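In my numbering, the protein residues as written are 13 to 124.
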C-alpha cells in the first residue's frame, strides 16, 4: 500500500436500510481487490467512530465474501425509528453517503 488515501466511494457503493431504530448499511465492493481492501479498513470500531452516534449497542459487522459485501448494523442510530423519531431522515438513507466519505488507503493500481 502506498501512503495515499482515498474514500470508500472510490471502491464501493453503499445502501442504507432500517429496522426499527437500527441502521443497516450495506457496502458493495466493485471488485475483489476493493472488497479485500475494505474488509481490512472498515472494522466495526472504525465505522462506530466515523458515525460517532449515541448507539444502544455495539456496531456489528458481517462479511459476505460471496457477494463482495460488508454489512454493518448500528443499533439505536435512528433515534426511535421512522415513526418514533423527529429527525428529518428517519430511514437513515442519507447516512449511507456519510460512509462513502470514510478515508481508506489507496490501492497501488488506483480505483477500479
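Where a beta carbon is used, it is the ideal one built from N, C-alpha and C, also for glycine. Everything numeric in this text was worked out from a predicted model, so none of it was measured.
(1) Is the segment 26 to 36 touching the segment 80 to 89 in the sense that three or more CB pairs, one from each, lie closer than 8 Å?
(2) Apply the 10 Å Cβ neighbour rule to residue 100 and answer buried if 16 or more other Cβ atoms are within range, or exposed otherwise.
(3) Going by DSSP in three states, residue 15 sits in which element: helix, strand or coil?
(4) Just grab the DSSP bridge partners of residue 76 for me.
(5) Measure the CB-CB distance between residue 39 and residue 50 and report whether it falls below 8 Å.
(6) Could you give the C-beta distance for residue 17 and residue 116, rounded to a whole number, given that I count them as a contact under 8 Å?
(7) Terminal residues of the continuous beta strand (DSSP E) containing residue 26?
(8) When the distance is taken between beta carbons, is residue 81 closer than 8 Å to residue 70?
(9) Skipping 5 residues on each side, what residues in its chain have a beta carbon closer than 8 Å to that of residue 62?
(10) May I have the straight-line CA-CA distance separating residue 176 from residue 74, to the nearest angstrom?
This is what the structure holds:
(1) yes
(2) Reading the chain shown from its first residue, position 88 is the one you call residue 100. Here the model assigns residue 100 a pLDDT of 48, short of 50, so the residue's position is not dependable, and the following value carries that caveat. By the neighbour-count rule (16 or more Cβ atoms within 10 Å), residue 100 is not buried but exposed.
(3) Within the chain shown, residue 15 is the residue found at index 3, counting from 1. Of the three classes helix, strand and coil, the one that applies to residue 15 here is coil, per DSSP.
(4) Counting from one through the chain shown, the residue named residue 76 turns up at place 64. For residue 76, which the question treats as bridged, DSSP gives the partners 81.
(5) Within the chain shown, numbered from 1, the residue matching residue 39 stands at position 27. Within the chain shown, numbered from 1, the residue matching residue 50 stands at position 38. Closer than 8 Å, so yes.
(6) Against the chain shown, residue 17 aligns to sequence position 5. Against the chain shown, residue 116 aligns to sequence position 104. Confirmed, Cβ separation roughly 7 Å.
(7) Here residue 26 refers to the residue found at position 14 of the chain shown. Counting along the chain, the beta strand (DSSP E) containing residue 26 begins and ends at 24 to 31.
(8) Counting from 1 along the chain shown, the entry for residue 70 is found at position 58. Counting from 1 along the chain shown, the entry for residue 81 is found at position 69. Not in contact: residue 70 and residue 81 (Cβ atoms no closer than 8 Å).
(9) Here residue 62 corresponds to residue number 50 of the chain shown, with the count starting at 1. Taken in chain order, the residues that qualify are 110, 111 and 114.
(10) Because residue 176 is not part of the residues shown, which for the chain are 13 to 124, the question remains open.
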